[in-house]
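Step one of this worksheet: look at the structure below.
There are 2 protein chains.
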Amino acid sequence: MKALVEQVEGILKFRGKRLTKQRRLIIETLKNLQGHFDVQDLHRRVEEADHRISLSTVYRTVNLLKELGFLRALDIGEGYTLYEVVPEFEHHHLVCIRCGRIVEFHCEHCEAIHRRLAENYGFEIVSSQVVLQGYCPKCREELNTEAL
Amino acid sequence: MKALVEQVEGILKFRGKRLTKQRRLIIETLKNLQGHFDVQDLHRRVEEADHRISLSTVYRTVNLLKELGFLRALDIGEGYTLYEVVPEFEHHHLVCIRCGRIVEFHCEHCEAIHRRLAENYGFEIVSSQVVLQGYCPKCREELNTEAL
DNA sequence: TTATATGCAAACAATTTGCATCCTG
DNA sequence: CAGGATGCAAATTGTTTGCATATAA
Numbered sequence: 001m002k003a004l005v006e007q008v009e010g011i012l013k014f015r016g017k018r019l020t021k022q023r024r025l026i027i028e029t030l031k032n033l034q035g036h037f038d039v040q041d042l043h044r045r046v047e048e049a050d051h052r053i054s055l056s057t058v059y060r061t062v063n064l065l066k067e068l069g070f071l072r073a074l075d076i077g078e079g080y081t082l083y084e085v086v087p088e089f090e091h092h093h094l095v096c097i098r099c100g101r102i103v104e105f106h107c108e109h110c111e112a113i114h115r116r117l118a119e120n121y122g123f124e125i126v127s128s129q130v131v132l133q134g135y136c137p138k139c140r141e142e143l144n145t146e147a148l
Numbered sequence: 001m002k003a004l005v006e007q008v009e010g011i012l013k014f015r016g017k018r019l020t021k022q023r024r025l026i027i028e029t030l031k032n033l034q035g036h037f038d039v040q041d042l043h044r045r046v047e048e049a050d051h052r053i054s055l056s057t058v059y060r061t062v063n064l065l066k067e068l069g070f071l072r073a074l075d076i077g078e079g080y081t082l083y084e085v086v087p088e089f090e091h092h093h094l095v096c097i098r099c100g101r102i103v104e105f106h107c108e109h110c111e112a113i114h115r116r117l118a119e120n121y122g123f124e125i126v127s128s129q130v131v132l133q134g135y136c137p138k139c140r141e142e143l144n145t146e147a148l
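Following this line, the structure appears as structure tokens:
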């Protein structure tokens with residue numbers, strides 16, 4: 001499997017776009033940044049390597065990578081957007097509505113069901129997201145203790 | 001089944017909150033407003049009945065109703081939040097990434113799977129969301145015709 | 001060389017908040 | 001009456017954009 005940077009480079013060129021040093025740096029950072037992040041997180045990390053990279057460039061690059069299909073928005077946020085590198089294997093999220101903890105899970109059953117469902121409606125599915133919202137074990141315990 | 005207003009009224013009182021005429025109006029409007037809406041939509045509708053109700057009051061009330069569990073955020077949006085009245089029976093969404101069309105579907109299989117999954121992780125699920133993103137039948141056809 | 005990218009600051013849009021006033025309980 | 005709720009306008013915040021300048025191809 002080719003490095004992310006090279007994959008992106010190919011597609012960029014194909015579209016008449018350029019691989020600038022800022023974009024290269026952002027992509028490299030992305031590789032080491034696993035899990036979920038928002039644009040400001042990413043900007044902070046990128047700044048560690050080169051503090052002259054502007055926030056708008058990071059925004060622009062994230063949007064570009066989203067269009068190119070390398071990143072996707074999670075839509076779990078509270079007023080801001082979380083992103084993740086599009087994973088090789090689909091996975092979903094358990095979100096604690098009290099402490100915000102996010103647990104990822106994989107579910108083959110879900111995939112199969114989604115595919116069948118989409119077919120019924122004539123949709124061609126590009127990606128699927130399952131978000132289960134509730135209380136994580138820790139918060140459940142704390143809620144019991146506090147007896148709110 | 002009691003009217004929504006009465007349900008909310010009970011809980012409000014219980015929490016030392018008040019049922020003002022603005023809140024009552026918003027809740028009544030909500031009843032006749034099915035499907036998905038954002039806060040500005042709701043405000044527009046509420047204004048039809050009383051144009052002196054401020055946008056901030058609508059925002060505050062929506063947040064309140066969300067906390068109380070009568071509304072929930074859909075997190076499908078593009079820069080703004082969509083809400084829906086928490087439905088008696090869970091349902092999910094097919095979203096067309098080209099034209100934005102949203103189709104609701106119900107899926108008992110999904111429910112069962114989610115419950116089992118959550119159990120495995122010790123989560124107590126309050127609500128679940130499935131968002132399948134792709135191309136709706138109409139857009140699929142148009143894309144084929146245009147031969148982009 | 002030349003169109004694409006960047007950095008900066010200003011613009012935006014959705015949402016929140018401070019405060020004087022109003023009104024429900 | 002007293003404390004919660006409202007309306008208004010100002011403030012915040014995440015994100016986008018215009019423009020002069022820098023740079024990849």
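Top to bottom, those sequences are chains A and B.
The numbering of the first sequence is the numbering used here, which starts it at 1 and goes up by one.
The numbering of the second sequence is the numbering used here, which starts it at 1 and goes up by one.
In this text, a Cβ means the ideal position worked out from N, Cα and C, and glycines have one as well.
CA-to-CA distance, residue j to residue i, given in whole angstroms
| i | j | result |
| --- | --- | --- |
| Ile27/B | Leu4/B | 7 angstroms |
| Thr29/B | Ala118/B | 35 angstroms |
| Leu19/B | Leu25/B | 10 angstroms |
| Asn32/B | Leu71/B | 14 angstroms |
| Gln7/A | Ser128/B | 35 angstroms |
| Ile113/A | Cys110/B | 8 angstroms |
| Leu55/A | Glu47/A | 9 angstroms |
| Glu108/B | Glu90/B | 9 angstroms |
| Gln40/A | Gly122/B | 31 angstroms |
| Arg52/A | Arg45/A | 12 angstroms |
Chain-order list of residues whose beta-carbon lies under 6 angstroms from that of residue i (same chain, five-residue window excluded)
| i | result |
| --- | --- |
| Leu94/B | Val103, Leu132 |
| Leu82/B | His36, Asp38, Leu74, Ile76 |
| Glu9/B | Leu19 |
| Ile236/B | The requested residue 236/B does not occur in the structure, where chain B is confined to residues 1 to 148. |
Cβ of residue i within 9 angstroms of any chain A Cβ
| i | result |
| --- | --- |
| Gln40/B | no |
| Cys99/B | no |
| Leu148/B | Interpretation of Leu148/B is limited by its pLDDT of 43, a score under 50 that renders its predicted location unreliable; the figure taken from the coordinates is listed afterwards. Not one chain A Cβ lies under 9 angstroms of Leu148/B. |
| Tyr135/B | yes |
| Glu90/B | no |
| His153/B | Because residue 153/B is not part of the residues shown, which for chain B are 1 to 148, the question remains open. |
Any chain B beta carbon closer than 9 angstroms to residue i
| i | result |
| --- | --- |
| Arg140/A | yes |
| Ser56/A | no |
7 angstroms CB neighbourhood of residue i in its chain, flanking five on each side removed
| i | result |
| --- | --- |
| Arg23/A | Thr61 |
When the options are compared against residue i, the one with the closest alpha-carbon
| i | options | result |
| --- | --- | --- |
| Ile11/A | Glu141/A, Tyr59/A, Leu42/A, Leu68/A | Leu68/A |
| Pro87/A | Lys66/A, Arg45/A, Val58/A | Lys66/A |
| Lys21/B | Phe14/B, Lys13/B, Asp50/B, Leu42/B | Asp50/B |
For residue i, the three-state DSSP class (helix, strand or coil)
| i | result |
| --- | --- |
| Val126/B | strand |
| Arg72/B | strand |
| Leu82/A | coil |
| Ile134/A | As written in the sequence, residue 134/A is Gly, which differs from the Ile given in the question. In this structure, Gly134/A counts as strand in the three-state DSSP scheme. |
| Leu148/A | The predicted position of Leu148/A is uncertain, since its pLDDT is 41 and thus under 50; no value can be drawn from it. |
| Glu6/A | helix |
| His51/A | coil |
Cut-off 8 angstroms between Cβ atoms - residues of its own chain near residue i, not counting five sequence neighbours on either side
| i | result |
| --- | --- |
| His106/A | Phe89, Glu90, His91, His92 |
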